[in-house]
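Protein chains: 2
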Amino acid sequence: MKLTILGCHSATPRDNARPTAQILEMKGHLFLIDCGEGTQMALRKNRIKFARIKHIFISHLHGDHVYGLIGLISTFCLLSRDSELTIYGPKGIKELILIQLKLAKVYTAFDLRFRESVENIPQLLLEDDSLTVTTIPLEHRVFTHGFLFQEKPGDRRLDIVACEEYGVDQAYYRKVKQGHDVTLDNGEVIANEELTMDGDKPKSYAFCSDTVYKEDIVPQITGVTALYHESTFLKAHENLCDRTKHSTAEQAATIALKAKVGTLILGHYSSRYGDYELFRSEAREVFENSELAMDGKVFEFSNPKL
Amino acid sequence: MKLTILGCHSATPRDNARPTAQILEMKGHLFLIDCGEGTQMALRKNRIKFARIKHIFISHLHGDHVYGLIGLISTFCLLSRDSELTIYGPKGIKELILIQLKLAKVYTAFDLRFRESVENIPQLLLEDDSLTVTTIPLEHRVFTHGFLFQEKPGDRRLDIVACEEYGVDQAYYRKVKQGHDVTLDNGEVIANEELTMDGDKPKSYAFCSDTVYKEDIVPQITGVTALYHESTFLKAHENLCDRTKHSTAEQAATIALKAKVGTLILGHYSSRYGDYELFRSEAREVFENSELAMDGKVFEFSNPKL
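Residue numbers (our numbering), protein chains in the order written: chain Y, 1 to 306; chain H, 307 to 612.
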């Protein structure tokens, strides 16, 4: 699992402070999460292949999370894309994109699908053999949800030494990894747990932006490998959170602590601040493993060597 | 008259190749012409004060000319703008912007006006004491017009030596500059031309992007101080002009020659080319005073010292 921060700043985009956009690489997928103005430039800068993006997840319809989407879709057209693209987001996103394509008389040669959400409960958006993507209901000034990306448990790990000792034919290895027992030529049945060990622990990523402090998301995101939680403000401006429906770094860390996540990633910093280290230090007072998102920064979450 | 190129490339924006946007400074106005994705970042980079922009001119509704507009308007809101903003563009631009503001639940505290064009004949968009702005009908894949910015003749220049010789009271100087004759205390009438010289020659700027070669714009733009004319292709790809409704550098230069303009500025280069100097050299074979637009380049057109 690999997370590339394309942009992590709030509100007004600047060349060195891009609005929200991230690429999550999980089980061979390349998911684009949010798409502020300039995202396509950031994709090029980070050398991410446009064609590999097949699913785009938009949290809400504020400009700093979506105004780069129409430009990206137009570029897909210019690049003669032919593979399907699905856009997940709040109701209205389809209208937002189609009106602009219509006015520009641009027609997509690829299949452009929309999956719009209206309900404020977790909804399964995507499922395949290896993962699921579910919405996380958030609370902001407009209808907003985050996204929970969860790997499914994979194969078990083969205990090669045990397999050889029992004389298991290599032709059965695939079945063994899938959890099957083995019947030897002499009729003896070897239980799968004699031949395998637990596989990689499935990883998961929760993206929560933008939102006011919302404790009831904790059960849904408990134990995730990584949580991105917006931290627009420092404690000094906590009084602005209620009106603007944003969080402080300390509040993000409190959610991380309660949800026992692996790593907390902070972002969506207000442009009023110059020193981002203050976000990290305020968060670390509550939750030690707090990190700062930065434009262009890559977080890799590999499996521990067993 | 000062022209700042914010972006001058066609199609897909990249960090070092921004889509079309320009700032024209004329008679105290700061006009924004076209607004591709990332224009607000380019405005910051070029240190242009957002609040000074009161009129935005959009040539057509292709993404590389307009997808930065909604982000810029949103930023105006975040910056608590209170002065009026007028947007001039093809029919549809109002719907394009308002649907996005509505979906983001953003309300402008300033007066946001739209002036939409549908007619393919020159139309006066703006007139004040010092200048006029008129549409230039162009031909592209969607309804497109350029813009002709024309200074009005200003005051006459005072001939100080003559004024002193005739003993004209300094209190009359303002009237004299405005073209009035002067009656001396002894009743003698001094004709204005005895006391003044021709003032600065009014300057003018024609913006023509995007368009196929269209000779019938020549009468309207004849004698302009500067012409920006798109040159998407080199001669080698002239065969693409008809289908895509674009021009070559040579065609742009032919228009410049026929219209006897002062300076031709080329731009809207296709991303297939690496060497922009080829555009200049192909244009200069037809029209010597051909220059290249480049992101961040500033063209100043000052009055010759008399």
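Cβ atoms here follow ideal geometry from the backbone N, Cα and C, with glycine treated the same way.
Note that the coordinates shown come from a computational prediction; the quantities given were computed from them, not determined experimentally.
| Query | Result |
| --- | --- |
| Backbone secondary structure at Y/Tyr88 - three-state DSSP | strand |
| When Y/Phe149, Y/Leu72, Y/Ile87, Y/Arg157 are compared against Y/Glu127, the one with the closest alpha-carbon | Y/Phe149 |
| Proximal chain H residues relative to Y/Ser74, where beta-carbon distance stays under 7 Å | Gly369 |
| Reference Y/Pro90, options Y/Lys175, Y/Asp34, Y/Glu215, Y/Leu264, closest by Cα | Y/Asp34 |
| Residue ranges of each alpha helix (DSSP H) within the segment 185 to 270 of chain Y, 4 or longer | 192 to 195, 218 to 221, 241 to 244, 249 to 258 |
| 8 Å Cβ shell around H/Leu617 - same chain, five flanking residues per side excluded | Here chain H covers residues 307 to 612 and nothing more, so residue 617 of chain H does not appear. |
| Cα-Cα separation between H/Lys333 and H/Ser436, rounded to whole angstroms | 7 Å |
| Cβ-based contacts, 7 Å cut-off: residues of the segment 73 to 106 of chain Y near chain H | Ser74, Thr75, Leu78, Gly92, Glu95, Leu96, Ile99, Gln100, Leu103, Ala104, Lys105 |
| Paired residues, beta bridge with H/Thr441 - DSSP | H/Phe453 |
| DSSP-derived helix/strand/coil call for H/Leu407 | helix |
| Per-residue DSSP class, three states only, for Y/Arg14 | strand |
| Test item: CB-CB of H/Phe539 and H/Ser596 under 8 Å | no |
| Nearest candidate by alpha-carbon position, reference H/Glu310, set H/Cys547, H/Gly580, H/Ala532 | Checking the displayed sequence, the identity of residue 310 of chain H turns out to be Thr instead of Glu. Closest option to H/Thr310, Cα to Cα, is H/Ala532. |
| Buried/exposed call for Y/Gly38, threshold 16 Cβ in 10 Å | buried |
| Interface flag, H/Leu612 vs chain Y, CB-CB below 8 Å | For H/Leu612, the pLDDT reaches just 47, beneath the cut-off of 50, and the residue's location in the model is therefore unreliable, although a value from the coordinates is still provided. No, its Cβ sits nowhere closer than 8 Å to a Cβ of chain Y. |
| The segment 386 to 396 of chain H in contact with the segment 77 to 84 of chain Y per 3-pair CB rule at 8 Å | no |
| Beta-carbon proximity check, H/Val495 vs H/Thr489, cutoff 8 Å | yes |
| Test: H/Ile321 CB closer than 8 Å to a CB of chain Y | The sequence given here places Asp at residue 321 of chain H; Ile does not occur at that position. Closer than 8 Å to some Cβ of chain Y, the Cβ of H/Asp321 qualifies, so yes. |
| CA-to-CA distance, H/Ala323 to H/Asn352, given in whole angstroms | 15 Å |
| Presumed contact (8 Å Cβ cut-off) between Y/Asp15 and H/Arg320, rounded CB distance | The Cβ separation is near 13 Å, so there is no contact. |
| Chain Y contact for H/Met347 (CB, 8 Å cutoff) | yes |
| The segment 140 to 157 of chain Y / the segment 46 to 63 of chain Y touching (three or more Cβ pairs under 8 Å) | yes |
| Within-8 Å CB hit, H/Thr318 to chain Y | yes |
| Cβ neighbours of Y/Asp159 in the same chain (closer than 7 Å, five flanking residues each side left out) | Leu195, Thr196, Met197 |
| 8 Å Cβ cutoff, Y/Glu139 in contact with chain H | no |
| Backbone CA spacing between Y/Gln123 and Y/Ala259 [nearest angstrom] | 20 Å |
| Which of helix, strand or coil DSSP assigns to Y/Phe110 | coil |
| Proximal residues to Y/Val261 (C-beta, below 6 Å), its chain only, five neighbours per side dropped | Val224, Leu227 |
| Whole-angstrom distance between H/Thr392 and H/Phe337, CA atom to CA atom | 10 Å |
| Contact set for Y/Ile56: own chain, Cβ-Cβ below 6 Å, skip 5 residues either direction | Leu32, Ile87 |
| The segment 231 to 247 of chain Y touching the segment 163 to 179 of chain Y, judged by at least three CB pairs closer than 8 Å | no |
| N-terminal and C-terminal residue of the alpha helix (DSSP H) that H/Lys481 is part of | 479 to 483 |
| Residue range of the beta strand (DSSP E) that includes H/His335 | 335 to 341 |
| Pair within 8 Å by beta-carbon distance, Y/Ile99 and H/Tyr373 | no |
| Delimiting residues of the alpha helix (DSSP H) encompassing Y/Val161 | 160 to 166 |
| CB of H/Met307 within 8 Å of CB of H/Lys509, strictly | yes |
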